[in-house]
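**Student:**
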Amino acid sequence: MDLLIQNVRFGAENRDILIQNGKFAQIAPRIEVSTLEKAPQTLDGTGQAILPSFANVHCHSAMVLMRGLGDGTPLHEWLNDIIWPMERRLTSDHIYWGTLFGALEMIRSGITAVFDMYWQTPQCLRAFYESGIRANFSHPNIIPAGPEALAGLRRDLEVHLELAKSYPGRVELSVGIHALYTTSPEMRAVCRDFAAEHNLIVQTHISETQRENDECLKATGKTPAEVFDSEGLLNGRFLGAHGVWLSDSDRRLLVERGAAIAHCPSSNMKLASGIFNDPAARAAGLRFGLGTDGASSNNRYDMFSEMRTAALLAKVSTLDPTACSAAEIYRTATLDGFRLLRLDAGEIAPGKLADCILVDLDHTGLVPGHDLVSDLVYAANPECVDTTICAGRVLMRHRQIPGEDEIRRAFRDVAARL
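Per the numbering used here, the sequence shown starts with residue 80, numbered consecutively.
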C-alpha cells in the first residue's frame, strides 16, 4: 500500500511526502489524497521530522543472547573462553529468536539495514525477513582446510545463496571469512572465487587488535590488509570490520583497491582493542560506515550511541575539536552505510528507497532545536524515534511494534535455556 506522511518537518519546512512501491515518490507542501490514483495509508507527521534511517554495517545480531556475559575480558580470551564455548550450545531456536529480537532492538533504534555475520544461515535469513528490515548476511566460515571441508564450504555457499534468493527484496547473502587467524588460505580462496562469481560482498574482521596485527606480521611479514590483498580479496566488494590497527600504508592500499571498513567504536572501547583513526581514514578517502558489532561486546544496538562515541573518540584522540563533525558522522551512519550495502537509500528524495524514521521534536534531547543533526549525534537517544519505516512499510509507530511482546517472551525463554 502507498504511504502518505502529512505535515512532517523536512529540512526547514513542513511537507507532505508520498511513498509508492517502496520508494519516495513525491515531496510537496501539500498532497491531496483525492488527486491520487489509490488511497494511501496516511501518517500524521505533526511535531515530527523525517530523516534517513540508519545502516548498521557490522553486527552479530543473535549475540544479544549473550549480553552482559564476559565483561572485562580481552578479545581473544573473550572469544576462546566465553563466546565460542557458549555458541557451541546454541540451537536453531536460540539463533532464530536471538536474531529476531536483535532486529527488534534495531528497529527501535531507527536501523533498517544491517550487515550481519553469524551461524545457522537459514534461521538468520528467516528471522531478518520476518522482522521487516534489510539484511546482508554471511556465515562466518571457520572450518579446517582439508579437501572435504573445502568442497562442503562451496556446497554450503551455493545452498545459502539459493535460500537468500527465496526471500526477495530485502535479504541478501554475502560471503563471510571470520578473520585471517581463524581461516586458511585455501578456504579464503574458495570464498573469494564464489564471491567474485556471484558479485557478492565479502565480510571479515581485519586489524581489530594489536595482537592480531603483530602475529600476522610475525607469521607472514605482512599486515592483515597486505595478506588479504596478496590473496586477491581486497576490492570494491571487501568489507572489513574494525580496522583499528591499520597503518597509513594499509589505508592507502584499501583506498586503491576500493575496499571498505566497518567502524565499531563502542565494541572496540569495551574490549580495549584500540581506536579507529577516523581523521586519517577521512583524509585518505577510505570508505567506511558505522557498526554496533554484537550486543555481547557493545552491549546494545544503538546508532545514536555509536555516532556520539565515534565523534568524541575522533576529537579526544587527536586533541582536535574540529575532527569528525556531527554532520560527518551522521552521514557515516546513514548515506555512507547504505552505499556500502549497495542500497540507494540514506536520503529523503524522489526515487530513493523509502527507508526513514520520524523523530519526535519534543523529545528532551531535540529541544530547543538549534541544530537537529548536532542534537541527533550528541543529545538524542533511540527514544526520540517515534516511527521506523523500511521499504515504505511502517515497522514501528508511536514506538509500538506489532508482535513485540510475543518476540520478547520467546526470546526470554530461549535465553534462559542457554
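Cβ coordinates follow ideal geometry from the N, Cα and C atoms, glycine included.
1) Count the other CB atoms within 10 Å of the CB of S328; is the residue buried (16 or more) or exposed (fewer)?
2) Enumerate in chain order the residues of its own chain whose CB-to-CB distance from D172 is below 6 Å, with the five nearest sequence positions on each side excluded.
3) How would you label P481, buried or exposed, when you count the other beta carbons within 10 angstroms and need 16 or more for buried?
4) D220 to Q105, Cα distance in whole Å?
5) Leaving out five residues on either side along the sequence, give the residues of the same chain with a beta carbon under 6 Å from the beta carbon of C469.
6) If you count every other CB in all the chains shown that lies within 10 Å of the CB of P509, and 16 or more means buried, which is it?
7) Rounded to whole angstroms, what is the Cα-Cα separation between G373 and E385?
8) Using three-state DSSP, classify L236 as helix, strand or coil.
9) Of the residues L183, T401, R421 and L318, which one's Cα is nearest the Cα of M196?
10) Starting from H218, follow its DSSP beta bridges and name the residues at the other end.
11) C343 to A118, Cα distance in whole Å?
12) For V87, which option in A107, T125, T371 and T466 has the closest C-alpha, if you only look at C-alpha atoms?
13) Roughly how many angstroms lie between the CA atoms of L369 and D308, to the nearest whole one?
14) To the nearest angstrom, how far is it from the Cα of E426 to the Cα of T152?
15) Ordered along the chain, which non-local residues of its own chain (more than five positions away) have a Cβ less than 7 Å from that of L506?
16) Nearest CA to the CA of F505: which residue from D399, S376 and C403?
17) With 16 as the cutoff for other CB atoms within 10 Å, does Q282 come out buried or exposed?
18) Count the other CB atoms within 10 Å of the CB of G471; is the residue buried (16 or more) or exposed (fewer)?
19) State buried or exposed for R330, treating a residue as buried only when at least 16 other CB atoms are found within 10 Å of its CB.
20) Which two residues bound the contiguous beta strand (DSSP E) that contains E407?
21) How far does the beta strand (DSSP E) with G319 in it reach, from first residue to last?
22) Name the two residues that bound the continuous beta strand (DSSP E) containing R94.
23) Note down, one range per segment and in chain order, each alpha helix (DSSP H) of at least 4 residues found wholly within the segment 281 to 306.
24) Helix, strand or coil for M80? Go by DSSP, reduced to three states.
25) Assign M142 to buried or exposed, taking buried as 16 or more other Cβ atoms, counted over all protein chains shown, within 10 Å of its Cβ.
26) Whose CA, out of A338, A495 and G101, lies closest to the CA of L325?
27) With DSSP collapsed to three states, give me the class of I480.
28) Shortest alpha-carbon distance to R336 belongs to which of S352, L313 and V323?
29) On a Cα-Cα basis, can you pick out the residue from L365, N378, V334 and L392 that is closest to G353?
30) How far does the beta strand (DSSP E) with K102 in it extend, from its first residue to its last?
31) Please confirm whether V438 and D465 have their CB atoms less than 9 Å apart.
32) Would a C-beta distance cut-off of 9 Å place L122 and L83 closer than the cut-off?
33) Please state if the CB of I340 and the CB of P131 are separated by a distance shorter than 9 Å.
34) Can you tell me whether D125 is helix, strand or coil according to DSSP?
35) Return the residue from the list E156, P164, L183 and W198 that minimises the CA-CA distance to I174.
36) Please classify G248 as buried or exposed, where buried requires at least 16 neighbouring CB atoms within 10 angstroms.
**Tutor:** Straight from the coordinates:
1) Its Cβ having fewer than 16 others within 10 Å, S328 is exposed.
2) V493
3) Exposed, since its Cβ has fewer than 16 Cβ neighbours within 10 Å.
4) For clarity, residue 220 is Asn in the given sequence; the question names Asp instead. Rounded to whole angstroms, N220 to Q105 spans 44 Å at the Cα level.
5) T191, G211, I212 and D434
6) Lying outside 80 to 497, the shown extent of the chain, residue 509 is not represented and no answer is given.
7) 13 Å
8) helix
9) L318
10) None, per the DSSP bridge assignment.
11) 43 Å
12) T125
13) 23 Å
14) 39 Å
15) With the chain represented from 80 up to 497, any question about residue 506 goes unanswered, as that position is not in the structure.
16) Summary: the structure shown does not reach residue 505, with the chain confined to residues 80 through 497, and so no result is reported for it.
17) buried
18) buried
19) buried
20) Per DSSP, E407 belongs to no beta strand (DSSP E); it is in the alpha helix (DSSP H), A405 to R410.
21) F317 to H321
22) E92 to Q99
23) List check, alpha helix (DSSP H) in window: 289 to 299.
24) Residue state, collapsed to three classes: coil.
25) buried
26) A338
27) coil
28) L313
29) The shortest Cα separation from G353 among L365, N378, V334 and L392 belongs to L392.
30) K102 to A107
31) yes
32) L83 is positioned such that its CB atom lies closer than 9 Å to that of L122.
33) no
34) Sequence check: residue 125 is Thr here, not Asp. Reduced to three states, the DSSP call for T125 is coil.
35) W198
36) exposed
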